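Below: one structure, written as structure tokens.
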Amino acid sequence: MFTKNKVIFSTVCFLLLLSFNLNAASNKTEKESSSLSKGRGYVYIPVGGDKIAPTDYSDVNNWLALPKQEELKQKVDVFFIYPTAWRANGEYPICDINNKEMRDGANYYLKFRASAFETSGNIFAPYYRQLDASFVIKVGFKLGHAYFQGVPKTDIIAAFDYYIKILNDGRPFILAGHSQGSILIAEILSDYMKSNPEVYKRMIVAYAIGAPLNKAYYAMNPHVKPAKNEKDLGVVICYNTEAPEIDGKNPLAVPNDAVIINPLSWKTTEEYASKEENLGSLYIDKGKAKKYEHIADAKIDYKQGVIICSTVNREEWSSPKASRSYFPLGIFHENDIPLYYYNLRKNAQDRVEEYFKILKR
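Residue 341, in my numbering, is where the sequence shown stops; the numbers in between run on with no holes.
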């Protein structure tokens, strides 16, 4: 059985990437030092701009979720990208597409994260070669981002392109992800959508949760728009969650620079949304989920650059003790989606309904 702690630890490490600009990379500098020492030799690690052969997405075995034609019951698709789900443990920091730990972790996230959107669309989710987060911490953020733009981005762009050209059949779609998956959504939005505006027109919304995009990202990508309310279309939803008090620093916070939205009120102001507005949270323990109604409130704190949740138990909803050196007590990153699970579900349904309502006009 894949343990929750493994998933959380690797997710925590990778998301420290978010403290630097998602689009900032100087390939010349990175390529000069993008080698991993191993014994007396060096193993080169691909970076953004290198020629990289993508994973073959015509192979059904390279899909985490690939519904058959007769299983396409809905008029909308959900393209889901799971977060970091493995650790290299000192070995090569990019996993093989068949890595068992990664695949087990991906299935965990399909069950407890992607399922929030399953009532809105047919879920498609590719496996992809991930970068080990703890390795990124060692080499530094700038070089780490160059690695991220190498193999992982190559796979996800290839998977999304295959999905659009072969699997989508012209249906409108939702992008959804968390953590590393949301960073890759940001890459799809900045690159693929810019080059394919006709595809972008069919995107209902992008849930890039756990990877808040700052003002600079939108300034560099003016074709990408952040969400402003509960039903606007073609927009991006981002937020990170923490308690009123945390025992350390939140590496994901974007102080005074966050572009986020409240997942209960769907407002971008600092107006408080009470726990009574919460339709349900999903608490996962030992591989089982339980719904709790009206336990998590939400308030935007722009000074901190996060969503403050003040009504849940810090210990129960924080990352486990093994990860506290990265995510101190009070940071709810692992539960960004579960805390507001049923509000996210309803919001996706509302936006789908709004999309087709406008389409009929």
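Quick reminder that beta carbons are idealized off the backbone N, C-alpha and C, glycines included. Please read all numbers here as calculations on a predicted model, not as lab measurements.
Helix, strand or coil: which one does DSSP assign to residue i?
i    : result
T134 : helix
W216 : In the sequence as displayed, the identity of residue 216 is Val instead of Trp. Residue state, collapsed to three classes: strand.
W297 : helix
K326 : helix
V185 : strand
E222 : strand
L123 : helix
K271 : strand
I311 : strand
I77  : coil
D196 : Residue identity check: residue 196 is Ala in the sequence provided, not Asp. Residue state, collapsed to three classes: helix.
Y89  : helix
P47  : coil
V40  : helix
K279 : strand
F0   : Interpretation of F0 is limited by its pLDDT of 37, a score under 50 that renders its predicted location unreliable; no figure is taken from the coordinates.
P318 : helix
L244 : coil
K11  : Here K11 scores only 47 on pLDDT, less than 50, and its place in the model should not be relied on; the value that follows carries that caveat. Note: K11 maps to helix in three-state DSSP.
P206 : strand
Y306 : coil
Y143 : helix
Y24  : strand
I32  : coil
V286 : strand
L232 : coil
Q160 : helix
R341 : coil
How many whole angstroms separate the CB atoms of residue i and residue j, which I take to be in contact at a CB cut-off of 8 angstroms?
i    : j    : result
L262 : K271 : 6 angstroms
I189 : I217 : 7 angstroms
A86  : A65  : 5 angstroms
L319 : A276 : 5 angstroms
I136 : I168 : 7 angstroms
I163 : A207 : Actually they do not touch by this definition, with Cβ atoms about 18 angstroms apart.
V215 : V179 : Not really, about 16 angstroms apart at Cβ, beyond 8 angstroms.
I288 : P224 : 6 angstroms
Do you know how far the Cα of residue j is from the Cα of residue i?
i    : j    : result
F92  : D265 : 11 angstroms
L324 : N258 : 10 angstroms
P308 : R294 : 10 angstroms
E273 : G260 : 4 angstroms
Y306 : D227 : 11 angstroms
A138 : F59  : 13 angstroms
K133 : L90  : 20 angstroms
N41  : S290 : 43 angstroms
K283 : E222 : 13 angstroms
I24  : Y197 : The question names Ile, but residue 24 is Tyr in the sequence shown. Approximately 29 angstroms between the Cα atoms of the pair.
N78  : A253 : 43 angstroms
V292 : V119 : 36 angstroms
I241 : Q49  : 35 angstroms
Y321 : E314 : 12 angstroms
P243 : N148 : 28 angstroms
K195 : D281 : 15 angstroms
Q129 : F140 : 15 angstroms
I144 : F153 : 10 angstroms
L111 : K340 : 43 angstroms
Kindly identify the DSSP beta-bridge partner or partners of residue i.
i    : result
N59  : According to the sequence displayed, residue 59 carries Phe and not Asn. Partner(s): F104 and L155.
A238 : N194
Y263 : K270
V332 : Paired residues: none, contrary to the question.
L111 : I74
A65  : Paired residues: none, contrary to the question.
A253 : A278
Can a CB atom of chain B be found closer than 8 angstroms to the CB of residue i?
i    : result
I103 : Going by chain labels, chain B is absent from the structure shown, which holds only one protein chain.
Is residue i a contact residue of the ligand ATP, with contact defined as CB to any heavy atom under 7 angstroms?
i    : result
L339 : Ligands displayed in this structure: none; no statement on the ligand ATP is therefore possible.
When the Cβ atoms of the segment 152 to 164 are set against those of the segment 295 to 310, are three or more pairs found closer than 8 angstroms? The segment 152 to 164 is not in contact with the segment 295 to 310.
The segment 107 to 116 touching the segment 77 to 92, judged by at least three CB pairs closer than 8 angstroms: In short, these stretches touch, since the Cβ pair count reaches three.
For the pair the segment 120 to 133 and the segment 94 to 101, tell me if three or more CB-CB distances fall below 8 angstroms. Judged by Cβ distances under 8 angstroms, the segment 120 to 133 makes no contact with the segment 94 to 101, as fewer than three pairs qualify.
For the 8 angstroms Cβ check, are there 3 or more pairs between the segment 194 to 210 and the segment 163 to 180? Output reads yes: the segment 163 to 180 touches the segment 194 to 210.
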